[in-house]
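**Student:** Everything in the sequence shown is counted per the numbering used here, starting at 156 for the first residue and increasing by one.
Below: one structure in structure tokens.
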Amino acid sequence: MDARVKQKFTTYPAAVAMILDEVRTLIFQVAKEQGITELEETLKWGEPSYISKTGSTIRFDYKDKAPQQFCIYFNCNTTLVETFKELYGDTFVYQGNRALVFELQHALPITALAHCLSLALRYKKIKHLPMLGA
Numbered sequence: 156m157d158a159r160v161k162q163k164f165t166t167y168p169a170a171v172a173m174i175l176d177e178v179r180t181l182i183f184q185v186a187k188e189q190g191i192t193e194l195e196e197t198l199k200w201g202e203p204s205y206i207s208k209t210g211s212t213i214r215f216d217y218k219d220k221a222p223q224q225f226c227i228y229f230n231c232n233t234t235l236v237e238t239f240k241e242l243y244g245d246t247f248v249y250q251g252n253r254a255l256v257f258e259l260q261h262a263l264p265i266t267a268l269a270h271c272l273s274l275a276l277r278y279k280k281i282k283h284l285p286m287l288g289a
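In structure tokens, the structure reads:
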């Protein structure tokens with residue numbers, strides 16, 4: 156784990172850190188399944204961020220001002236969140252065209268989320284395809 160990301164995780168409440176570590180692990184798992192061998196982990200805007208050479212940045216964070224939820228953020232200049240809405244409808248709660256919002260007390264929709272992460276990690280290769288090739 157990147158040292159700055161590791162430090163960031165220490166600022167989260169323990170239960171939140173566990174859930175966000177699940178998201179982090181899922182990002183790396185999906186990258187591996189997609190054959191993405193170079194995945195950069197860093198902090199952007201103070202949030203854990205993940206980028207592959209073939210994809211668009213994925214960020215996530217928990218904010219004290221919304222203590223019952225966390226968000227996974229995507230570049231708002233992409234068609235990622237629009238595509239997620241088309242594919243998954245109300246499986247997710249959306250924040251405009253930039254984020255998926257998750258309630259801490261609900262289980263993560265792992266299969267759907269993994270697919271969304273896969274699309275983001277490969278975005279540069281698939282952005283020209285209808286529905287990102289989904």
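Each residue gets a CB set at the ideal place from its N, CA and C atoms; glycine is no exception.
In this text, all values refer to a predicted model and were calculated from it rather than measured experimentally.
1. For the alpha helix (DSSP H) containing Ala-172, list its first residue and its last residue.
2. Give the DSSP bridge partners of Ser-204, in chain order.
3. Taking C-alpha atoms, which residue in Leu-242, Leu-287 and Pro-285 lies nearest to Ala-267?
4. When you compare the CB positions of Arg-214 and Pro-203, do they come within less than 9 Å of one another, or not?
5. Between which residues of its own chain and Met-286 is the CB-CB distance below 8 Å, once the five residues before and five after are set aside?
6. Since Ala-254 is in the beta strand (DSSP E), which residue starts that stretch and which ends it?
7. Helix, strand or coil: how does DSSP classify Gln-162 here?
8. Could you tell me which residues DSSP pairs with Tyr-228 in its beta bridges?
9. Do we get a CB-CB distance below 9 Å when we pair Ala-262 with the residues of chain B?
10. Closest to Asp-206 by CA distance: which of Thr-192, Gly-244 and Asp-216 is it?
11. DSSP has Val-248 in a bridge; who is on the other side?
**Tutor:** Let me spell this out:
1. Annotation: the continuous alpha helix (DSSP H) that includes Ala-172 extends over 169-188.
2. Thr-197 and Arg-214.
3. Of Leu-242, Leu-287 and Pro-285, the residue nearest in Cα terms is Leu-242.
4. The Cβ atoms of Arg-214 and Pro-203 lie closer than 9 Å to each other.
5. Hits under 8 Å: Thr-238, Glu-241 and Leu-242.
6. Looking at the DSSP string, the run of the beta strand (DSSP E) that includes Ala-254 is 254-258.
7. Residue state, collapsed to three classes: helix.
8. Beta-bridge pairing links Tyr-228 to Arg-214 and Ala-254.
9. Among the chains of the structure shown, chain B does not appear; only one protein chain is present.
10. Here residue 206 turns out to be Ile, not Asp, going by the sequence shown. Closest by alpha carbon: Thr-192.
11. DSSP, once it has assigned bridges, lists Val-256 as partnering Val-248.
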